[in-house]
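Accompanying notes for the structure given below.
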Amino acid sequence: QLQESGPGLVKPSGTLSLTCAVSGGSISSTNWWSWVRQPPGQGLEWIGEIYHSGSTNHNPSLTSRVTISVDKFKNQFSLRLNSVTAADTAVYYCATGIVTGSSGTFDIWGRGTMVTVSS
Amino acid sequence: QSVLTQPPSMSAAPGQKVTISCSGSTSNIETHYVSWYQQLPGTAPKLLIYDNNKRPSGIPDRFSGSKSGTSATLGITGLQTGDEADYYCATWDSSLNAGVVFGGGTTLTVL
């Protein structure tokens, strides 16, 4: 299971920080751990992914503002998105693929957490 | 604007069949496996199809996936009112802007 946590409100120009706790499995398993977001009324957008080794891939449109990290001791991974604007308001999901190693396949999702960027 | 193109909306009657298309390019769909997701209102997406045409455990065989060239298709037979949802395709794009890409989503209405 995956569970997102973090502030639900972030001020413009601030930093959005979220954590995804992994339970029932190890973050050191052979799968990538991703963040996906969904603005209100819009579609899904992949933010990026991390492997337990620390290797990452990011959405090119967000890469300059995104940091994804992993904490193997706490069995969790985190997202930091800086210089946020109202356009970053969205439900943020953490997700991973167990059934296959194919990129873009997520069979385990967190419930999602709504983050609003507003002063 | 999404890299993968889906029809914004579709509708069909209960019991009917519907096919949802996902159009991409040589750097994504033609080269990489495609997945499909169902998202009911207020819930996280649910994996329906992976590796173009495989169903995870628990997904009924009413749902099927196929791929040909730069396009992929999700098929749903025996439509039920509970199938009303948003559907998304996804894959990897290996162009200069590499990463996971989603289609814009298709809202399915079961009349």
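Note that the protein sequences, when read in sequence, are chains A and B.
Here the numbering used here is used: position 7 in the first sequence is 7, and no number is missing along the way.
Position in the second sequence (first residue = 1) + 1000 = the numbering used here.
Glycine included, each C-beta is placed from N, C-alpha and C at the ideal position.
| request: Can you give me the Cβ contacts of S26/A inside the same chain, cut-off strictly under 7 Å, excluding the 5 residues immediately before and after it? | output: N75
| If you draw a straight line from the alpha carbon of G54/A to that of S78/A, how long is it in whole angstroms? | 11 Å
| said: Which residue marks the beginning of the beta strand (DSSP E) containing I47/A, and which one marks its end? | reply: E45 to I50
| said: Can you confirm whether T19/A, when its beta carbon is compared against all beta carbons of chain B, has any partner nearer than 8 Å? | reply: no
| request: Can you say whether D71/A is buried or exposed, counting buried as having 16 or more other CB atoms within 10 angstroms of its CB? | output: exposed
| Going by DSSP, which residues form a beta bridge with A1012/B? | V1110/B
| request: Determine the chain B residues that contact D107/A at a beta-carbon separation under 8 Å, and present them in chain order. | output: L1047, Y1050 and P1056
| message | For N1028/B, report the span of its beta strand (DSSP E) as first-last. | response | Careful: N1028/B lies outside any beta strand (DSSP E) and carries neither H nor E.
| request: Under 7 Å between beta-carbons, which chain A residues line up against T1019/B? List them in chain order, please. | output: Taking a Cβ-Cβ cut-off of 7 Å, T1019/B has no neighbours in chain A, whose nearest Cβ is about 20 Å from it.
| message | Let's see if you can read the secondary structure: which residues bound the beta strand (DSSP E) around Y1113/B? | response | Past the edges of chain B, shown from 1001 to 1111, lies residue 1113/B, and the structure says nothing about it.
| Taking the alpha-carbon positions, what's the G112/A to C94/A distance? | 7 Å
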